[in-house]
Amino acid sequence: MGQGPSCAGNQENGMFGAVQGGNLEVVKAMLERKPSLLHETTVYDRHSALHIAAANGQIEVLSMLLERSVNPDVLNRHKQTPLMLAAMHGKISCLKKLMEAGANILMFDSLNGRTCLHYAAYYGHSDCLQAILSAARSSPVAVSWGYARFVNIRDDKGATPLHLAARQRQSECVHSLLDNGALVCASTSRYGFPESTPLHLAARGGSLDCIRKLLAWGADRLQRDASGRIPYIVALKYRHEACAALLNPSSAEPLVWPSPLKFFSELNEDAKALLEQALMEANSEREKNILKGLGCSLNSPPHSDSGMDDSISEASNAELCCICFEQVCNIELQDCGHQMCAQCTLAICCYNKPNPTTASLTPPVCPFCRSTIARVVVARKLKDYGDADHDVADFSSSKLRKSRKSRNFCEGSSSFKGLSTVGSFSKMAGRGTAGRVAAEDEFDKP
Ligand SMILES: [Zn+2]
Ligand SMILES: [Zn+2]
Numbered sequence: 001m002g003q004g005p006s007c008a009g010n011q012e013n014g015m016f017g018a019v020q021g022g023n024l025e026v027v028k029a030m031l032e033r034k035p036s037l038l039h040e041t042t043v044y045d046r047h048s049a050l051h052i053a054a055a056n057g058q059i060e061v062l063s064m065l066l067e068r069s070v071n072p073d074v075l076n077r078h079k080q081t082p083l084m085l086a087a088m089h090g091k092i093s094c095l096k097k098l099m100e101a102g103a104n105i106l107m108f109d110s111l112n113g114r115t116c117l118h119y120a121a122y123y124g125h126s127d128c129l130q131a132i133l134s135a136a137r138s139s140p141v142a143v144s145w146g147y148a149r150f151v152n153i154r155d156d157k158g159a160t161p162l163h164l165a166a167r168q169r170q171s172e173c174v175h176s177l178l179d180n181g182a183l184v185c186a187s188t189s190r191y192g193f194p195e196s197t198p199l200h201l202a203a204r205g206g207s208l209d210c211i212r213k214l215l216a217w218g219a220d221r222l223q224r225d226a227s228g229r230i231p232y233i234v235a236l237k238y239r240h241e242a243c244a245a246l247l248n249p250s251s252a253e254p255l256v257w258p259s260p261l262k263f264f265s266e267l268n269e270d271a272k273a274l275l276e277q278a279l280m281e282a283n284s285e286r287e288k289n290i291l292k293g294l295g296c297s298l299n300s301p302p303h304s305d306s307g308m309d310d311s312i313s314e315a316s317n318a319e320l321c322c323i324c325f326e327q328v329c330n331i332e333l334q335d336c337g338h339q340m341c342a343q344c345t346l347a348i349c350c351y352n353k354p355n356p357t358t359a360s361l362t363p364p365v366c367p368f369c370r371s372t373i374a375r376v377v378v379a380r381k382l383k384d385y386g387d388a389d390h391d392v393a394d395f396s397s398s399k400l401r402k403s404r405k406s407r408n409f410c411e412g413s414s415s416f417k418g419l420s421t422v423g424s425f426s427k428m429a430g431r432g433t434a435g436r437v438a439a440e441d442e443f444d445k446p
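full-length UniProt numbering applies: residue 1 is where the sequence shown begins, and numbers increase by one.
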């Protein structure tokens, strides 16, 4: 791509060098002497001072320029706006400042017809991506264009931001985009190989993390590109063996995040974090089995849970899910109030092959009372199973074991650090003293 504003400093008037270096006083003095400098550009790329400030993250200079009512959407040779350059270089404070000043998020460059959202996705700056998406939700773009359409905006070759992020192995951006309604099965027109899906492009890029996220959001392993190839064949061609193993249509199907279900879009963050963690955990178990034969090391260490299950005494039944008797009961179904673990909640709500036309018509029901699940929340109080005959010591010892187990659970999933979930999950899993005290407070001690 023809850009490089960072090396555009050695211009005839020296101002661009001062902007690039963030010398606010020098820039101010030069503008006092010659106000017309404000509208000059570099010779070749025709970057304005605002472009250079944005690309180099010079927030003070950028703010000063904007105060002098420079057009925030000034274009360079490639019709790139300062906002695009901030998104490309991950300069989050400049990006936010430009949007505050009214920069248009719906501008297209002349190189590939890309927007600032494409730039953030391609270069993997998920903080910038999030900021653009939240601006899009509240800006006129959402009204005139529709938010979903903006998230799935296409460049000249039909690539959405998700296609670019998948191709460039930017798994955090892949996750954010999917979470915001990016279409997981959209085909490009000419980007990559014609009619590639994000899964084809992730197979080309070879990012296991992108692939597991796309699969968990319902990407179809059997979708073909224009030459009839499924993503599995693409991964084989580029010798990404672990990726190919997951993409092999004969491998076990992953659990799929039930995004079409309305109640999931209304999930509170904590409940969502628990469920997402459980989903990734279940899929990583499956991955381990698939990859076992390959001799390639996954970046998640093996779980040490197998021995732990036996060591849990009956006393801990009080906190165990009474469907699987394995996991902590941490999710409450509403409106009925029945509780179960996140894994079992997912088992009820996930479909291996979500059918978008029927999924929303058949909401999942509570396995205990068959009433429709309107919402799921984090269970605030552990259910009382009438274990009055167990003394306090039993309770706290089982609690300790449970904390240990939960910690293993978290550490085992370190490969999913990209998800925003791990932090809040470990908070809830009762890590450390504070968590344990809080958990004990939930019991009425005799
Ligand atoms: Zn369960
Ligand atoms: Zn119920």
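For each residue, glycine too, the CB sits at the ideal point set by N, CA and C.
The structure presented is a predicted model; accordingly, all values stated were derived computationally and were not measured.
Original post:
Does ligand 2 have even one heavy atom less than 6 angstroms from the beta-carbon of Phe108?
Top reply: To locate residue 108, count along the sequence shown from 1; it is residue 108. No, Cβ of Phe108 sits at least 6 angstroms from all heavy atoms of ligand 2.
**OP:** Since I believe Cys324 is in contact with Cys349 (beta carbons under 8 angstroms), could you give me their beta-carbon distance rounded to a whole number of angstroms?
**Re:** The residue labelled residue 349 in the question sits at position 349 within the sequence shown. The residue labelled residue 324 in the question sits at position 324 within the sequence shown. With a Cβ gap of about 15 angstroms, Cys349 and Cys324 do not count as contacting.
**OP:** Look at the Cβ atom of Ala203, then the Cβ atom of Cys243, and state whether they are nearer than 7 angstroms.
**Re:** Position 203 of the sequence shown, counted from the start, is the residue given in the question as residue 203. Position 243 of the sequence shown, counted from the start, is the residue given in the question as residue 243. Taking 7 angstroms as the Cβ cut-off, Ala203 and Cys243 qualify as a contacting pair.
Original post:
Below 8 angstroms, can you find three or more Cβ-Cβ pairs linking the segment 204-219 to the segment 158-175?
Top reply: yes
Original post:
From this set, Ser126, Ile331, Cys116, Asp179, which residue's C-alpha is nearest Arg154's C-alpha?
Top reply: Sequence index remark: in the sequence shown, residue 154 carries index 154 (1-based). Measuring from the Cα of Arg154, the nearest candidate turns out to be Cys116.
Subject >> Cα-Cα separation between Met99 and Leu133, rounded to whole angstroms >> reply: In the sequence shown, counting from the first residue as 1, residue 99 sits at position 99. In the sequence shown, counting from the first residue as 1, residue 133 sits at position 133. Cα-Cα distance, rounded: 11 angstroms.
**OP:** Ignore the nearest five residues each way along the sequence and tell me which others in Val61's own chain have a CB closer than 7 angstroms to its CB.
**Re:** For the purposes of this step, residue 61 is taken as the residue at position 61 of the sequence shown. So the qualifying residues of the chain are Val19, Gly22, Leu24, Val27, Ala53.
**OP:** From the DSSP output, read off the bridge partner residues of Met340.
**Re:** Position 340 of the sequence shown holds residue 340. Answer by DSSP bridge pairing, in chain order: Ile331.
Original post:
Quick one: is the Cβ of Cys336 within less than 6 angstroms of any heavy atom of ligand 2?
Top reply: Mapped onto the sequence shown, residue 336 falls at position 336. The answer is yes for Cys336.
Subject >> Burial state of Tyr44, where buried means 16 or more other Cβ atoms lie within 10 Å >> reply: Counting from one through the sequence shown, the residue named residue 44 turns up at place 44. Under this definition Tyr44 is an exposed residue.
Original post:
Between which two residues does the beta strand (DSSP E) containing Val378 stretch?
Top reply: Within the sequence shown, residue 378 is the residue found at index 378, counting from 1. Taken as a continuous stretch (DSSP letters only), the beta strand (DSSP E) holding Val378 covers 375-378.
Original post:
Mind checking whether the beta-carbon of residue 453 lies closer than 6 angstroms to any heavy atom of ligand 1?
Top reply: No information on residue 453 is available, as it lies outside the stretch 1 to 446 that the chain covers here.
Original post:
In this structure, what does DSSP give as the bridge partners for Val365?
Top reply: Counted from its first residue, the sequence shown places residue 365 at position 365. For Val365, which the question treats as bridged, DSSP gives the partners Thr372.
**OP:** Could you tell me if the beta carbon of Ile323 falls within a distance shorter than 6 angstroms of some heavy atom in ligand 1?
**Re:** Position 323 of the sequence shown holds residue 323. Result yes, Cβ under 6 angstroms from ligand 1.
Subject >> Proximity to Cys366 [Cα-Cα], best of Gly57, Val378, Gln339 >> reply: Counted from its first residue, the sequence shown places residue 366 at position 366. Cα-wise, what sits closest to Cys366 is Gln339.
Subject >> Buried/exposed call for residue 490, threshold 16 Cβ in 10 Å >> reply: Residue 490 cannot be examined here, being either before or after the span of the chain that is shown, 1 to 446.
**OP:** Within 10 angstroms of the Cβ of Thr372, are there 16 or more other Cβ atoms? Answer buried if so, exposed if not.
**Re:** Locating residue 372 in the sequence shown gives position 372, counting from the first residue. Result: exposed.
**OP:** Give me the Cα-Cα distance between Lys383 and Asp73, rounded to the nearest whole angstrom.
**Re:** Your numbering for residue 383 matches position 383 in the sequence shown. Your numbering for residue 73 matches position 73 in the sequence shown. Model confidence at Lys383 stands at a pLDDT of 40, short of 50, so the residue's coordinates are unreliable; what they give is reported in the following sentence. In a straight line, the C-alpha of Lys383 is about 57 angstroms away from that of Asp73.
Original post:
Regarding Gln327 and ligand 1, is the C-beta to nearest heavy atom distance less than 6 angstroms?
Top reply: Here residue 327 is taken as the residue at index 327 of the sequence shown, counted from 1. The answer is yes for Gln327.
Original post:
Is it the case that the CB of Ser134 approaches a heavy atom of ligand 2 more closely than 6 angstroms?
Top reply: Looking up residue 134 in the sequence shown gives position 134. Ser134: no, Cβ never under 6 angstroms from ligand 2.
Original post:
Would the beta-carbon of Cys341 be found less than 6 angstroms away from any heavy atom of ligand 2?
Top reply: Position 341 of the sequence shown, counted from the start, is the residue given in the question as residue 341. It does not: the Cβ of Cys341 is nowhere closer than 6 angstroms to a heavy atom of ligand 2.
**OP:** Using only the heavy atoms of ligand 2, determine whether one of them is closer than 6 angstroms to the beta carbon of Ser139.
**Re:** Numbered from its first residue, the sequence shown carries residue 139 at position 139. Incorrect: Ser139 has no Cβ contact closer than 6 angstroms to ligand 2.
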